[in-house]
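Have a look at the structure below before the remarks.
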Amino acid sequence: MATEPRHPVTEQRTLIERRQELQALDAAFRELRRAADGVPRARRRGLVAFSGPAGLGKTALIMEARDRAAAAGFTVLSGRGGEKEQGSAFRVVRQVVQPSLARMEGSELRAFLGGWYDVMAAVLGLEARGPAPAPDPTGVREGLDWVMTRLTMKKAPVVLFLDDLHWADAESLSWFLSFASRVDDLPLLVVVAYRPDELPPEADELRALVGRHGDRPHDLAHLTAEGVARIIRNEVGAAAQDVFCKECWSATGGNPFETVELAIGLAERGLSGTEGDLPAMRELAAAIKGPGLIERLERLGTATVRFAHTAAVLGSPFSPQLAATIAVLGDEAAAEAIQQLRAARILSEGHGAEGELEFVHPLIATTIYRSIRTGFRAGLHNAAAEAVLTAGYGPTAAARHLLEVPCEGSPETVACLREAAREYLRAGATEAARRLLTRALQEPPLPEDRAAVLHELARATFLIEPTATVRYLREALAEPDVDPDLRASVVYRLTTALAHTDRMAEAVAVAAEEAKQATNPRVKLRMQADQFVWSTMRADDPDSPARSRRLARLAGRLPGRSLEERFILGLRAWDAVLRGEPRQTALAYAEKSLRGGMSWTDENRGFEVPLSVALVFMYGDQPRRAEELFEKGIAECAGKGWHGSHLAFGQTIAGYVRYHRGCLAEAEDLVREGLRIADKVDGVVAAQWYGVSVLIETLLARGRVAEARALADEHHFGDMTPNAVIYPDPRTVYAELLLAEGRRAEAVPLLSSVGEWLDKRGWRNPAWCPWQLHLASALAPTDPDRAVGHARDAVKRARDFGAASAVGQALHTLAEVTGGPAALDLYAEAVDHLEQSPAAYELARAQIGHGAALSRDGRLQEAADRLYRGLEGAVHCGAEALAARARAELSASGMRPLPLRYAQADTLTAQERRTAELTVQGHSAAVVAKELHLTEQGVRHLLSSVYRKIGTDAAGLAGFLGA
């Protein structure tokens, strides 16, 4: 493990002219102490920043602050950026966290990290317990947030110091910027120092962040002439003349580092600060940096120069033994070089227990590094790469040196870069992996390895540069004699990248062409599966009915032994749902596809098919089964550290399942969480479409129309049509919003266009897209005959599919558009079907609609029973507007709402369980009623409650009770 970073600055007894900055630190410390004692922070003081050019004393200030924090009893954590280590992913994060983790025993460490251990192992440089998962960037950020939060609470109060933040690696900086917004909620103070003109572009957010937490960064000023005079006289004596001190100020420009170094040099030369000492002073000042420093170094001898050059290449802190090996110096020569460099105030001892050395100031390291001739410097980097590998520092430590070496076609270099890139990918550091693999490609690799390198490079760029991913993968496919399995993986990633960049037609074409060319039966089947996946997701698929027939013929021949076969079977199940085939067909294929397993996190196959299979159960009136599959899939994603697009989809569609069950409040929470995740991930447009669609439907069901409209406007929901198939269909959802706002005339053409699109594809299932139901409602006031026609056709399609919830919902709409006494039987039939389903919200709607119709027909006693039951259902579903309608209908009929007769819970009562058990045993309602001393109607009500509570219909009842 890495030790805490060193702070190699010139020591001085006091900080000159830094009173304001020290006061700010003391105030922040006091605020932290109060926060740790439970007193809310009076103002946002969780972050203190110091900025200024090189040499103005930022590190000295950080060291002083560290000492004060430690003296005050705070836990001190530290990290420091390095000029030569900016490409080493998570280097600063490891400096911050590793010292604390290193003090923990193995069992304690695993207990501390808990479920995050395997995900964070590669990020934090820990020993993995098994094959390390490759977390996505969002998962890495959340994991680091969790680790840092837990560490803070364990060691509170904590002060985190981040020095030279302008040189922090991109991964550490990105995490810090996202985490910093949370510091005010923790017993934590963060103190940072940086050079403002050297911050990378991605750190622009830092300036705004500092402003939110401390009004502004503390910009360090150059020393005044009086401040320089104090430092000079502290070293050479109080007798130093004013003119001499003034010239020292002029020579150093008031730069604290240069002033202190000059003062020490004057004292070592025995100068007293007279006017006659001015020439010697100017010589010393010139030797502190730039050409003067190099001239001073060269006077120390060839071996010492070589050691200094090697140290500059290695970067601070460094192992003197490693530097001696690279510089080809024996122990005695190395010891002499170190002694000379320390005496010349170029190197200093490190502060850890490992005997490392470092440069007195980064300015010295930079000057020496830049003075090394280009060819010689490349040779030193090459030697350093070999040495660090031999010393066991690992491929990532060697890789940063190989980036500085000219391309020579070395297979060993390519192998090292690829292995280092794999380590970075396991840590979710995709940008670092991209840099290394780009360099490996330039080396270049052996011809037979080029396709594999291009494939690995595409993996690294997928989330950050998808257009480049497409280019790399097309190049890989053009390589000769690519291994079949590698080629299949390349094709999957290429089609996925094309689909994610809104090029669905190209994705389908690539998969189709590869399926034609494949000679290996297993690979051919996999290519066909990819083709079917992207064709199904393509909104403008011109060959949908024919594709469905081909898929049905293919699936009918497959036993489901291999994963490729199971994916085909899963696709067949989903296609059956879309086409509205009997649900038994869809459910049978779905169950068959799951035998033998189907992972949600297979990087070479994606999660689209497992997700679709889970939804087959939802549309087939077995949402409990869908929820079980989603819980497993989400846990699988979380276990691999995939907290980005995969988790966004998982949470959103899990919310959609809860919506179908009528658990509207839970559905809203899940979908909002999915949208929150999607909003944090760049380029996850599809997940946002899904989330907004489901959330609008949920809000409408809860009666919050204005909120749904605000959400639609925020996401420009009615202005764009996605090129991919989204469910629920965004245009149908938007039309539903228009209907809720009373804008029927606008909804009619929109729903008509949806119907034309779906009918052309042969997708006729109203359970999947109820466009006909909404169109019937929109047409009812102006064109009742056409409305009834659409509703009747929807009922027929729903009966063809066979899900009780779909049939009941369609009958309910038909009853509404039919109206009058003729609608009463339709309402009753709708309720009867919905009572046999787990769709609690739709049942409550139908009951209230039926009750209102019965009330208008003068059948008040029957109306009251329906309205009371509908009211209970609406309240338990969280459908506030529907509950209000039920109360209004009761009031209009002269009845008062009664208290709720039962508490909603997912647990079955003893009577409900016994009713379910007898039903599963095959007993009729009459027999069950006799056994339990109930009426047949009472048995039906109990079974309806069972279906809603456990989330299945009669077909799934036996499976639930068996489990």
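Start counting the sequence shown at -1; every next residue gets the next number (the working numbering).
Where a beta carbon is used, it is the ideal one built from N, C-alpha and C, also for glycine.
According to DSSP, is residue i helix, strand or coil?
i, result
"Val682", "At Val682 the pLDDT is 49, less than 50, meaning the model places this residue with poor confidence and gives no usable figure here."
"Glu356", "strand"
"Tyr192", "strand"
"His216", "strand"
"Val74", "strand"
"Arg536", "strand"
"Ala722", "strand"
"Leu298", "coil"
"Phe316", "strand"
"Leu556", "coil"
"Leu186", "strand"
"Arg843", "helix"
"Ala333", "helix"
"Glu281", "helix"
"Gln239", "coil"
"Asp143", "helix"
"Pro580", "coil"
"Glu103", "coil"
"Ser270", "coil"
Taking its Cβ as the centre, do 16 or more other Cβ atoms sit within 10 Å of residue i, making it buried, or is it exposed?
i, result
"His220", "buried"
"Gln337", "exposed"
"Gln935", "exposed"
"Glu9", "Because Glu9 sits at a pLDDT of 43, beneath the cut-off of 50, its placement in the model cannot be relied upon, and the following sentence gives the value as read from the coordinates. Burial call: exposed."
"Arg297", "exposed"
"Ala633", "exposed"
"Lys152", "exposed"
"Asn763", "buried"
"Lys514", "exposed"
"Val326", "exposed"
"Leu361", "buried"
"Cys243", "buried"
"Ala844", "buried"
"Val521", "buried"
"Gly949", "buried"
"Asn380", "buried"
"Lys758", "exposed"
Just to confirm the assignment, what range does the alpha helix (DSSP H) spanning residue i have?
i, result
"Ala886", "Glu878 to Ala890"
"Glu200", "Glu200 -> no alpha helix (DSSP H), and no H or E assigned at all."
"Glu347", "Segment Leu345 to Glu347 is the beta strand (DSSP E) holding Glu347; no alpha helix (DSSP H) there."
"Val786", "Pro782 to Phe799"
"Phe159", "It is not in any alpha helix (DSSP H) - Phe159 instead sits in the beta strand (DSSP E) that spans Val156 to Asp161."
"Lys56", "Lys56 to Ala69"
"His874", "Leu858 to Cys875"
"His498", "Pro482 to His498"
"Asn232", "Ala223 to Val234"
"Glu81", "Note, Glu81: premise wrong, no alpha helix (DSSP H); not H, not E."
"Gly960", "Leu955 to Gly960"
"Thr950", "Per DSSP, Thr950 belongs to no alpha helix (DSSP H) and is neither H nor E."
"Thr905", "Note, Thr905: premise wrong, no alpha helix (DSSP H); not H, not E."
"Asp757", "Arg742 to Arg759"
"Phe715", "Here Phe715 belongs to no alpha helix (DSSP H), and DSSP marks it neither H nor E."
"Gly568", "Leu561 to Arg577"
"Thr811", "Ala802 to Thr816"
"Leu824", "Ala820 to Glu833"
Determine the extent of the beta strand (DSSP E) in which residue i is found, giving its start and end residues.
i, result
"Val46", "Leu45 to Ser49"
My parser needs the alpha helix (DSSP H) runs of 4 or more residues fully inside the segment 380 to 446; what are they? DSSP runs (the alpha helix (DSSP H)) wholly in the segment 380 to 446: 393 to 400, 409 to 424 and 428 to 440.
Uninterrupted alpha helix (DSSP H) stretches inside the segment 585 to 647 (no shorter than 4 residues): Complete alpha helix (DSSP H) runs here, min 4: 606 to 617 and 621 to 637.
Can at least three beta-carbon pairs, one atom from the segment 549 to 569 and one from the segment 731 to 751, be found at a separation below 8 Å? No: the two stretches stay apart, fewer than three of their Cβ pairs being nearer than 8 Å.
May I ask you to verify whether the segment 101 to 109 touches the segment 65 to 73, counting CB pairs closer than 8 Å and requiring at least 3? Touching, no.
Please confirm if the segment 614 to 630 is in contact with the segment 573 to 593, defined as three or more CB-CB distances below 8 Å between the two stretches. Taking 8 Å as the limit for Cβ pairs, the verdict is that the segment 573 to 593 does touch the segment 614 to 630.
Is the segment 182 to 199 touching the segment 232 to 242, taking contact as three or more C-beta pairs under 8 Å? Contact between the segment 182 to 199 and the segment 232 to 242 is absent, with fewer than three C-beta pairs closer than 8 Å.
Enumerate, from N- to C-terminal direction, the unbroken alpha helix (DSSP H) stretches of 4 or more residues contained entirely within the segment 9 to 34. Segments of the alpha helix (DSSP H) lying fully in the segment 9 to 34: 17 to 34.
I'd like to know if the segment 860 to 873 and the segment 831 to 843 are in contact, where contact means that at least 3 CB-CB pairs between them fall below 8 Å. Taking a cut-off of 8 Å on C-beta distances, the segment 860 to 873 touches the segment 831 to 843, as three or more cross pairs fall below it.
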